[in-house]
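Trainee: Got a structure for you, written out below as structure tokens; questions coming shortly.
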Amino acid sequence: MITAIGDVMREAYKRRWITTRDGNCSLRQRGRDVLYITPTGTRKTTIIPETIVRLPILESKLVLGDKKPSGELEMHWLLQQEDRTRCVLHLHPTYIVAAMMAGYDLHEVAKEFPEVYRYTRVGRNVPKLPAVSAELATSTCFQMTDPLGVLTCDVVGQASHGATAVGKHPWDAFEHIERLEHICEIFLKSR
Ligand SMILES: [Zn+2]
């Protein structure tokens with residue numbers, strides 16, 4: 387499963403959903419008090435299990451030490467709370483970002499496409515907020531959960547920025563983004 391993090395980032399790069407150093411992915415394995423997350427600033431096409439940052443979880447807190455995790459660590463950690471999910475993936479897919487820039491709410495767009503809504507719950511857009519900020523982390527988690535903290539969607543778009551998805555496995559999260567990206571392309575080309 388840890389190997390899949392690198393595979394997913396390489397595939398995202400190949401599809402031009404990130405540039406070389408963009409995007410991030412985290413993973414938590416059942417029964418293990420460790421959060422695995424991509425390192426900050428690294429070329430994502432070179433990610434292998436040895437380069438993934440391993441952060442121990444002690445008394446529900448991450449032990450950072452001198453490690454250099456992704457700048458979006460807070461967003462990953464918020465979504466990973468309370469066993470909500472195993473994997474969080476954040477990318478910058480072209481048509482998802484373009485559809486938001488054109489003023490569309492992806493939650494509404496997805497209602498037109500059964501190939502998405504049957505398998506992937508799309509949240510309402512996260513407003514435009516600075517990358518790697520606490521506000522982006524909080525707002526993304528807010529849009530993806532209900533007031534009790536239960537996940538209510540699998541993917542959300544983040545205005546002028548990208549998309550974040552959750553899943554049991556890096557490829558599950560990838561598929562949620564892939565479905566949404568695909569229909570955003572169709573939707574925009576139909577306008
Ligand atoms: Zn980003």
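Each residue of the sequence shown is one higher than the last, beginning at 387 in the numbering used here. Where a beta carbon is used, it is the ideal one built from N, C-alpha and C, also for glycine. Predicted model, so just to flag it, every value in this text is computed and none were measured.
In its own chain, which residues sit with a C-beta less than 6 Å from the C-beta of aspartate 408, not counting the 5 before and 5 after it?
Mentor: Hits under 6 Å: His478.
Trainee: Are the segment 392–401 and the segment 532–549 in contact at 8 Å, needing three or more beta carbon pairs?
Mentor: Touching, no, given that fewer than three Cβ pairs across the two stretches are closer than 8 Å.
Trainee: Just mark valine 512 as buried or exposed, buried being the case when its beta carbon has 16 or more other beta carbons within 10 Å.
Mentor: Looking at its Cβ environment, which holds 16 or more other Cβ atoms inside 10 Å, valine 512 is buried.
Trainee: So what does DSSP say about cysteine 539, is it helix, strand or coil?
Mentor: DSSP places cysteine 539 in coil when its eight states are reduced to three.
Trainee: Just to confirm my understanding: we take valine 394, look at its own chain, exclude 5 residues before and 5 after, and list those with CB closer than 8 Å. What are they?
Mentor: Contacts found: Cys411, Leu475, Pro556, Trp557, Ala559 and Phe560.
Trainee: For the segment 417–483, list the beta strand (DSSP E) runs that are entirely contained and at least 3 residues long, ordered along the chain.
Mentor: Runs found: 420–423, 439–444 and 473–477.
Trainee: To the nearest angstrom, how far is the alpha carbon of aspartate 532 from that of glycine 509?
Mentor: Using only the alpha carbons, I get a separation of about 11 Å.
Trainee: Checking the sheet assignment: what are the DSSP bridge partners for glutamine 544?
Mentor: According to DSSP, which records beta bridges pairwise, glutamine 544 is partnered with Val512 and Gly548.
Trainee: Tell me which residues pass a beta-carbon proximity test against ligand 1: closer than 7 Å to any heavy atom, given in chain order.
Mentor: Result: Asp408, Gly409, Glu458, His476, His478, Ala517, His547 and Gly548.
Trainee: Please say whether glutamate 498 and isoleucine 569 have beta carbons closer to each other than 9 Å?
Mentor: Cβ distance < 9 Å, so isoleucine 569 and glutamate 498 count as in contact.
Trainee: Under three-state DSSP, which class holds arginine 414?
Mentor: In this structure, arginine 414 counts as strand in the three-state DSSP scheme.
Trainee: Would you kindly report the start and end of the unbroken alpha helix (DSSP H) that includes lysine 497?
Mentor: Lysine 497 -> no alpha helix (DSSP H), and no H or E assigned at all.
Trainee: How is glycine 392 classed by DSSP in three states: helix, strand or coil?
Mentor: In this structure, glycine 392 counts as helix in the three-state DSSP scheme.
Trainee: Looking at glycine 535 and glutamate 467, is the spacing between their C-beta atoms short of 9 Å?
Mentor: As written in the sequence, residue 467 is glutamine, which differs from the glutamate given in the question. It is a contact, given that the beta carbons lie within the stated cut-off.
Trainee: Identify which residue in Leu444, Ala484, Lys514 and Gly392 has its Cα closest to the Cα of glutamate 571.
Mentor: Residue Ala484 is the option with its Cα nearest to glutamate 571.
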